[in-house]
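Asks: Got a structure for you, written out below as structure tokens; questions coming shortly.
Residue numbers (our numbering): 0 to 114.
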């Protein structure tokens, strides 16, 4: 049998340092990835909270929109009522005109009594 020579890989010091450096960088990347995953979970929870609050706000806005629409209708009714009242008051005699009319009627009554 022919003896085969088993070659032992003899790594130089530089190669060993490079390997150690790669392992160190790899472990640091693992830490960065773990931190990123933790932040991702944290942000997901915050985003879910914000989404819930936005849904609540959206519901409130819809309710307020309905209320404002109802109030606008009420204001239109009030406007028409005020316009009706203004027109009704214009047809009525005010105090000054009433006093003048009373004097005129009194004069006419006196004149009629003389006749």
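Yeah, the Cβ is synthetic: ideal placement off N, Cα and C, and Gly gets one too.
Can you tell me whether residue 69 is helix, strand or coil according to DSSP?
Replies: If DSSP states are grouped into helix, strand and coil, residue 69 belongs with the helices.
Asks: Counting only runs that start and end within the stretch 30 to 110, where is the alpha helix (DSSP H) found for 4 or more residues in a row?
Replies: Complete alpha helix (DSSP H) runs here, min 4: none at all.
Asks: So what's residue 114 in DSSP terms, helix, strand or just coil?
Replies: Coil at residue 114, not helix or strand.
Asks: Put residue 26 into one of helix, strand or coil per three-state DSSP.
Replies: Helix.
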